Every structure is written in structure tokens, then in C-alpha cells.
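Notes follow once the structure below has been shown.
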Amino acid sequence: MMHLEEKKEWFSTWFNSPYYHVLYDERNDEEANEFLNNLVSALKPEPGASVLDLACGAGRHSRALASHGLNVSGCDLSPNSIEEAKKNSGSELTFFVHDMRDPLDEHYQYVFNLFTSFGYFDDMHQNALVLKSVHDALTGPAILVIDFMNTHKVIRDLRFRQEIRKNGILFHIKKEVSNGRIVKTIAFEDQGNSWFFQEKVQALYLSDFEQLLADADFEIVRLAGNYQLDSFDSETSDRLILICKKK
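Using the numbering used here, read the sequence shown as starting at 1422 and increasing by one per residue.
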């Protein structure tokens, strides 16, 4: 039996699938802690500052932020991810299901959008809705951090096909650039069923973010190209990390 998980927006099905956590089980707390240690050292938030981990997944970044004495909430569209986050985190963290395009009910001093959790949508207008929601929810010092891929390097070095075995499941992965998006197709079989998912992320460059953020009334105050927060270089950097301030 073939299961095609394409009818809804791709992220509402794939991120809510248990297979997502099987494929990406190497995403660990150690990596998250290193990145967040560097970010907190650079931003110097006050103890107890209110923080939102926007598109928090299973909460690894939220836990790292909370370890610095911050008042952390995490939200994600996937109920399964939110349940996983609650299960693996202490009661001092708050997690809730939320579509990042919708207005937020609370205000935060810092919003973190990490690990390429942006540009999932069909058009730029949806990205603008996300930034408007964040802008309206931010209060002083009103900092937004977006951690995105370096699209130029990703496309240049794209591995078009690979196979990954996890938990006895062989994942067949194909990557391509199509209609301005980087598309990863994930196909596999498990327990007599065949599954098919896709990840589609807009191929956003620094110039795209500069326009989106300016339109949303944000100022970029620092760019970084890796989790050590070294300077961004479009040819060599692994990440595009934007530290922005609400105007």
C-alpha cells in the first residue's frame, strides 16, 4: 500500500510523522548547546528574559536556551513534535501548537527561528506573514534571530541522490532545485507499506532576507556564517544567520 503524504502543506504531514524523528535522530543537544551558548554570549539577554523558540520541533534549542536562565516558550505546527518536546523537557518550559503565520498571543523579548525553519511556503507573502507576527509580538530589546542555510553553497554542493539506513529502514533521498525551491524527496518502505514525503524550502538568499526584513520593519544588526558566529561568506559559509532588531 502506497501512502502519499502530499495533499496538505508538506510540513504539516512530514514534521508530524514519527519517521521524521527516525531520519534526523542525529540532531542532538550537544550541537544545539554549542550554537545557543555562542548566541547567548553575543546577545547578552537579561536573566529571565522572555524567549520564543519559533518552530521549535522537539525542543532541543528551547532546552539549551532555558539552561541560560531564560524564560523560554516553544511553538511548532506539529502536535507530535510538541508532545515530544514536553516529554523531554522540564516543567519550566512552555510548549504550544502554533502556525508561525498566525498572530501570537504573548509578547517576547527575543524570538529565535533556528535550523532552517523558514521559507516553507509557496510564496513570499507567507514569509511576510511570519515576520509580521514576530514583529507584533516583540518587545524591547526586540531581537529576532533567523538561522537559515547558505543557499548558494547548498545548491552548488547539492548531492542529488543518497541512501540512509536508520532503525532498519532504508531511506531513498533525492534532492533537486525546482521552481525556486530546494526539494528533498524521501521514499522508503516499512512494515509492508511504502511512504513518500517531500521537504520544500524556498531558495532564499541574503538579498531576499534583506528585502523581507526591511519590509517587515526589521534592521539586520549582524550576520554570521556558522554556529561559531564567524562572519558570513556566500562562498564558504555553511549557514546564513541573521541577527535582527525590530525598528
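Glycine included, every Cβ here is placed at the ideal spot set by N, Cα and C. If you're wondering where the values come from, they're calculated on a predicted model, not measured in any experiment.
query: Sequence-distant residues of its chain with Cβ nearer than 7 angstroms to Gln1623 (five each side left out); result: Gly1540, Gly1601 and Arg1602
query: Where Arg1582 sits in the DSSP three-state scheme; result: strand
query: Same chain, Cβ closer than 7 angstroms to Asp1611, five either side skipped, listed in chain order; result: Ile1590
query: Asn1397 - containing alpha helix (DSSP H), residue span; result: Given a span of 1422 to 1668 for the chain in the structure shown, any question on residue 1397 remains unanswerable.
query: Residues sharing a beta bridge with His1593, DSSP; result: Glu1584 and Ala1608
query: Continuous beta strand (DSSP E) stretch holding Arg1660: start and end; result: Arg1660 to Lys1667
query: His1482 vs Ala1453 beta-carbon contact at 8 angstroms; result: yes
query: Enclosing alpha helix (DSSP H) for Met1545 [first to last residue]; result: Met1545 to Ala1558
query: From Ser1502, Glu1467 and Pro1468, residue whose alpha carbon lies closest to that of Gly1478; result: Ser1502
query: 8 angstroms contact criterion, which Asn1566 and Ile1662 should meet: CB distance rounded; result: According to the sequence as given, residue 1566 is Val; it is not Asn. About 7 angstroms; that satisfies the 8 angstroms criterion.
query: Inter-residue CB distance, Asn1571 and Gly1490 (contact presumed, cutoff 8 angstroms); result: At roughly 31 angstroms, the Cβ-Cβ gap does not stay under 8 angstroms, so Asn1571 and Gly1490 are not in contact.
query: DSSP state of Gln1632 mapped onto helix, strand, coil; result: helix
query: Phe1653 - DSSP class collapsed to helix/strand/coil; result: coil
query: Sheet register partners of Trp1435 (DSSP bridge); result: Beta-bridge pairing links Trp1435 to no other residue.
query: Any 3 or more C-beta pairs closer than 8 angstroms across the region 1525-1535 and the region 1617-1631; result: no
query: Cutoff 6 angstroms; reference His1519; Cβ partners in own chain excluding five residues on either side; result: Cys1496
query: Nonlocal neighbours in the same chain, by C-beta distance under 6 angstroms from Lys1596, ignoring five residues either side; result: Leu1579, Phe1581 and Lys1605
query: 8 angstroms contact criterion, which His1528 and Thr1560 should meet: CB distance rounded; result: 5 angstroms
query: Coarse secondary structure for Ser1488, derived from DSSP in three states; result: coil
query: For Ser1538, three-class secondary structure by DSSP; result: coil
query: Exposure label - Asp1568; buried when at least 16 CB within 10 Å; result: buried
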